[in-house]
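Novice:
Number of protein chains: 2
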Amino acid sequence: MPLDFSDTIGRYISITWRHMSARLAKKLGPYGIGAGQFPILFILFIEDGLSQQAIAQKMATDKAAVTRAISALERRGYVRRLPDHRDKRAYNVRLTAKAKNLRPELEGAVMEILEQMQAGLDPTQRAELKKLLKQTAMNLCGQ
Amino acid sequence: MPLDFSDTIGRYISITWRHMSARLAKKLGPYGIGAGQFPILFILFIEDGLSQQAIAQKMATDKAAVTRAISALERRGYVRRLPDHRDKRAYNVRLTAKAKNLRPELEGAVMEILEQMQAGLDPTQRAELKKLLKQTAMNLCGQ
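Here the protein sequences come in this chain order: G and F.
The working numbering numbers the first residue of the first sequence as 28 and each following residue consecutively.
The working numbering numbers the first residue of the second sequence as 28 and each following residue consecutively.
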């Protein structure tokens with residue numbers, strides 16, 4: 028049977044990701060925060076002062092891309108890199124007051140898009156979708 | 028309650044999309060087919076000869092990006108653009124023999140990644156995930 032690509036999980040993930048990213052880019056554009064940068068702020072909102080390596084691990088992305096994104100955030104005044112006092116080659120990343128003040132607005136923007144995305148899904152379906160997507164993410168990360 | 032971004036649907040979609048795209052790019056690289064181009068081939072495998080506009084609609088992406096992707100596929104000898112005989116400004120896109128011959132390999136590559144992604148999910152979970160993701164895609168497309 029031929030693969031009907033128009034009706035696969037892969038296609039729906041691509042469409043969702045593309046539109047989600049475009050909406051987010053539009054909302055964060057005025058703050059000078061790129062789509063690859065905002066996840067770093069959210070990771071630091073939960074745990075400020077993490078190392079670059081720990082951030083890359085949490086994002087499941089490569090360290091070079093994370094280093095570039097952190098540099099961009101630093102240029103805009105949202106984070107500062109401080110040398111780790113235990114490991115001379117490592118840097119810890121700290122939020123500035125500017126980033127902390129922006130937190131409610133950034134969270135509001137992200138939550139609004141997550142809400143638009145899940146419109147019409149009841150709490151059980153939302154929990155199920157999260158569980159299943161977590162599995163697909165882990166499946167592809169780990170191998 | 029602060030938003031724990033590390034455990035949202037948005038994050039799992041981003042991770043899944045990024046790793047899925049990277050694997051696909053690696054598999055299709057040897058054929059000179061980019062990640063934004065292969066969906067067009069799959070759309071044409073199901074319905075050859077569609078107009079550029081119809082392809083853009085099925086991909087839920089903008090026409091300019093689709094036009095660029097079709098040009099890239101044309102340069103590689105995978106499709107040809109033929110003027111529509113009813114609408115002089117429109118073009119229909121047709122697969123070449125080269126593309127048709129490649130179909131089993133391309134389908135195999137995509138199915139392999141879809142399988143890796145859904146490892147450990149039973150048929151009911153796979154169907155549920157597809158249904159829920161279709162909803163999120165449609166939610167974001169439509170607004």
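Each residue gets a CB set at the ideal place from its N, CA and C atoms; glycine is no exception.
Computed from a prediction, not measured in an experiment: that's the story for all the values here.
Answer with buried or exposed for G169(F), where buried requires no fewer than 16 other C-beta atoms within 10 angstroms of its C-beta.
Specialist: exposed
Novice: At the level of alpha carbons, what is the spacing between A136(F) and A154(F)?
Specialist: Spanning the two alpha carbons is a distance of roughly 21 Å.
Novice: Please confirm if the region 121-138 of chain G is in contact with the region 99-107 of chain G, defined as three or more CB-CB distances below 8 Å between the two stretches.
Specialist: yes
Novice: Does I60(F) come within less than 8 Å of chain G when only Cβ atoms are used?
Specialist: no
Novice: Is it true that the region 147-167 of chain G meets the region 32-52 of chain F, where meeting means three or more beta-carbon pairs spaced less than 8 Å apart?
Specialist: Contact between the region 147-167 of chain G and the region 32-52 of chain F is present, with at least three C-beta pairs closer than 8 Å.
Novice: In its own chain, which residues sit with a C-beta less than 7 Å from the C-beta of I82(F), not counting the 5 before and 5 after it?
Specialist: Answer for I82(F): I67, I70, V93, V120, listed in chain order.
Novice: I'd like the list of long-range same chain contacts for T123(G), defined as Cβ closer than 8 Å, with 5 residues on each side in sequence excluded.
Specialist: G104, Y105, V106, R107
Novice: For a contact defined as C-beta to C-beta under 9 Å, what are the partners of T151(G) on chain F?
Specialist: Those within 9 Å of T151(G) in chain F number zero; the least Cβ separation is about 11 Å.
Novice: Check the Cβ of T123(F) against every Cβ in chain G and list those closer than 7 Å, keeping chain order.
Specialist: In chain order: nothing, as chain G lies at least about 18 Å away.
Novice: Taking CB distances under 8 Å as the criterion, tell me whether Q80(G) reaches chain F.
Specialist: no
Novice: Just list the residues that DSSP pairs V106(F) with in beta bridges.
Specialist: L122(F)
Novice: What is the rounded straight-line gap between the Cα of A87(G) and the Cα of E142(G)?
Specialist: 24 Å
Novice: At least one CB of chain F closer than 8 Å to the CB of A83(G): is that the case?
Specialist: Taking Cβ atoms only, chain F never reaches closer than 8 Å to A83(G), which makes this a no.
Novice: Does A96(F) pass the burial test, meaning 16 or more other C-beta atoms within 10 Å, or should it be called exposed?
Specialist: buried
Novice: What are the boundary residues of the alpha helix (DSSP H) that F69(G) is part of?
Specialist: 65-73
Novice: Verify whether the separation of the beta carbon atoms of S33(G) and I73(F) is less than 8 Å.
Specialist: yes
Novice: Give the residues of chain G in contact with T43(F), contact being defined as C-beta atoms less than 7 Å apart.
Specialist: I40, L160, T163, A164, L167
Novice: Would you report the Cα separation of H46(G) and R113(G), rounded to the nearest angstrom?
Specialist: 42 Å
Novice: Could you please give me the residues that DSSP links to K78(F) through a beta bridge?
Specialist: Position check: residue 78(F) holds Ser in this sequence, whereas Lys was assumed. According to DSSP, S78(F) bridges with N119(F).
Novice: T88(F) versus chain G: which residues are under 7 Å apart at the beta carbon?
Specialist: R45
Novice: Under 8 Å, Cβ to Cβ, is there at least one residue of chain F near N119(G)?
Specialist: no
Novice: Which residues of chain G have a Cβ atom closer than 7 Å to the Cβ of A146(F), listed in chain order?
Specialist: N166
Novice: Give me, in chain order, the residues of the same chain whose beta-carbon lies closer than 8 Å to that of G61(F); leave out the 5 immediate sequence neighbours on both sides.
Specialist: Leaving aside the five residues that flank G61(F) on each side, the residues in its chain whose CB is nearer than 8 Å to its CB run, in chain order, A52, L55, A96, A99.
Novice: Can you find a CB in chain G that lies within less than 8 Å of the CB of L199(F)?
Specialist: Residue 199(F) lies beyond the range of chain F shown here (28 to 170); nothing can be said about it.
Novice: Looking only at its own chain, which residues have a Cβ that is under 6 Å from the Cβ of D111(F), when we skip the five neighbours before and after it?
Specialist: A117, N119
Novice: Can L159(F) and L148(G) be called in contact, C-beta distance under 8 Å?
Specialist: yes
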